[in-house]
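Engineer: This structure is in structure tokens; I'll ask about it shortly.
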Amino acid sequence: MAKEKIELRTVNVTRYITPLREGGSLPALAEADDDFKYVLKFRGAGHGVKALIAELLGGEIARILGLKVPEMVFANLDEAFGRSEADEEIQDLLKGSRGLNLALHFLSGAITFDPVVTRPDSVLASKIVWLDAFTTNIDRTVKNTNMLIWHKELWLIDHGATFYFHHSWEKWEQQAQSTFPYIKDHVLLPFASKVGEIQEEMLSLLTDEVLAEITNLIPKDWLLWEGAELSPEAIRQVYFQFLLQRKKHSINFVKQIQHAREAIL
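If you want it as structure tokens, here you go:
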């Protein structure tokens with residue numbers, strides 16, 4: 001059986017419904033020409049296209065690992081979109097986000113995950129903690145779990161804080177091999193007792209070919225960084241090499257997870 005190609009659909013945003021005032025990124029609930037509602041992440045917000053790249057890579061890696069993530073799509077914002085918007089802040093955001101953005105299928109009726117209410121399975125918790133250590137996700141804490149319960153299942157959202165090395169772009173090779181000490185603050189760390197057991201499964205799913213496909217999803221115009229010395233393809237290659245090194249040295253963060261867990265039990 002031929003392997004399914006990793007790809008995202010592209011939709012056109014037809015209606016801006018309401019802002020979702022979370023942090024400084026100001027995502028929005030929007031409708032597209034496929035008649036579905038999406039949580040729309042804007043290239044003109046916060047950390048710009050780097051946040052979209054992080055969202056794309058982090059979300060697709062999670063999906064490959066078998067974790068539940070809302071469908072992601074490329075969302076095209078027409079030049080005329082938002083001209084009638086009364087809120088100047090939102091209008092500026094829309095103007096600065098013309099072109100290709102990223103959107104996630106809206107999980108209507110979902111509720112925020114609360115570790116006091118819901119105790120996740122140890123294998124699932126271990127896979128999520130492993131994922132977040134692999135992608136260097138600093139933003140899945142008790143204060144901000146970035147997980148939802150939808151149809152009685154745990155769904156992962158908001159991977160915009162992954163791959164934080166790209167904000168400084170310095171010593172990325174060293175950061176790729178890091179133990180990731182921030183894992184001590186992960187909301188699921190107390191439940192992640194099977195990290196050692198799931199390690200080989202995780203690595204087997206993230207083949208070099210799969211990681212190349214995922215990094216090739218990044219649109220070229222998201223890699224046209226102002227002031228960057230590297231070409232778009234050279235930047236793409238850094239992301240790919242970062243992932244390869246992260247995988248090669250994964251035992252470093254696995255041991256860190258285990259040590260961090262021991263310290264809180």
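Counted the way full-length UniProt numbering counts, the sequence shown spans residues 1 to 265.
Don't be surprised by glycine CBs; every beta carbon is placed ideally from N, CA and C.
Bear in mind the structure is a predicted one, so any value in this text is a computation, not a measurement.
Can we say the segment 188–208 touches the segment 35–50, given the rule of at least three CB pairs closer than 8 Å?
Structural biologist: No, they do not touch.
Engineer: Just tell me which of 14, 256, 10 and 222 has its CA closest to the CA of residue 166.
Structural biologist: Minimum Cα distance to residue 166 is reached at 222.
Engineer: In this structure, how does DSSP classify residue 148 when only helix, strand and coil are distinguished?
Structural biologist: The answer is strand: DSSP assigns residue 148 an E or B state.
Engineer: Do the segment 244–256 and the segment 179–196 meet, that is, are 3 or more Cβ pairs less than 8 Å apart?
Structural biologist: Result yes; three or more Cβ-Cβ pairs closer than 8 Å.
Engineer: Among residues of its own chain, excluding the 5 on either side of residue 150, which ones have a beta-carbon nearer than 6 Å to its beta-carbon?
Structural biologist: So the list reads 107 and 110, once near-sequence residues are dropped.
Engineer: Just verifying my parser: in three-state terms, what is the DSSP assignment at residue 133?
Structural biologist: In this structure, residue 133 counts as helix in the three-state DSSP scheme.
Engineer: Below 6 Å CB to CB, which residues in the same chain sit around residue 284 once its five sequence neighbours on both sides are set aside?
Structural biologist: Past the edges of the chain, shown from 1 to 265, lies residue 284, and the structure says nothing about it.
Engineer: Using a Cβ-Cβ cut-off of 7 Å (strictly less than) and excluding sequence neighbours within five positions of residue 112, which residues of its own chain qualify?
Structural biologist: Cβ neighbours of residue 112 beyond the five flanking positions: 145 and 148.
Engineer: Contact defined as beta carbons within less than 8 Å: I believe residue 28 pairs with residue 18. What is the distance between those atoms, to the nearest angstrom?
Structural biologist: Correct: roughly 7 Å between the Cβ atoms.
Engineer: In terms of DSSP beta bridges, what is residue 219 paired with?
Structural biologist: Its beta-bridge partners do not exist; DSSP assigns none.
Engineer: Helix, strand or coil for residue 37, going by three-state DSSP, please let me know.
Structural biologist: Note: residue 37 maps to strand in three-state DSSP.
Engineer: For residue 161 and residue 94, I'd like the C-alpha separation in whole angstroms.
Structural biologist: When rounded, the distance between both Cα atoms is 22 Å.
Engineer: Considering just the uninterrupted stretch of the beta strand (DSSP E) at residue 74, what are its terminal residues?
Structural biologist: 72–77 is the span of the beta strand (DSSP E), which, as asked, contains residue 74.
Engineer: Note down the Cα distance separating residue 196 from residue 248, rounded to an integer number of angstroms.
Structural biologist: If you take the alpha carbons of residue 196 and residue 248, they lie about 15 Å apart.
Engineer: In the DSSP assignment, find the unbroken alpha helix (DSSP H) run with residue 170 in it and report its ends.
Structural biologist: Run containing residue 170: none; DSSP gives neither H nor E here.
Engineer: Write down the C-beta distance between residue 76 and residue 99 rounded to the nearest angstrom, noting that I regard them as a contact closer than 8 Å.
Structural biologist: Indeed they touch by this definition, with Cβ atoms about 7 Å apart.
Engineer: Just the Cα atoms here: how many angstroms apart are residue 123 and residue 194?
Structural biologist: Computed Cα separation, rounded: 6 Å.
Engineer: Where does residue 138 fall in DSSP's three states?
Structural biologist: In this structure, residue 138 counts as coil in the three-state DSSP scheme.
Engineer: Are the CB atoms of residue 214 and residue 61 within a distance shorter than 8 Å?
Structural biologist: In this structure, residue 214 lies closer than 8 Å to residue 61 by Cβ.
Engineer: Quick check: the Cα distance between residue 171 and residue 177, rounded to an integer number of angstroms?
Structural biologist: Residue 171 and residue 177: Cα-Cα distance of roughly 10 Å.
Engineer: Just the Cα atoms here: how many angstroms apart are residue 42 and residue 133?
Structural biologist: Cα to Cα, residue 42 sits roughly 25 Å from residue 133.
Engineer: Restricting to Cα atoms, I'd like to know which of 57, 66 and 30 is closest to residue 153.
Structural biologist: Looking at the Cα atoms, 66 is the closest of the given residues.
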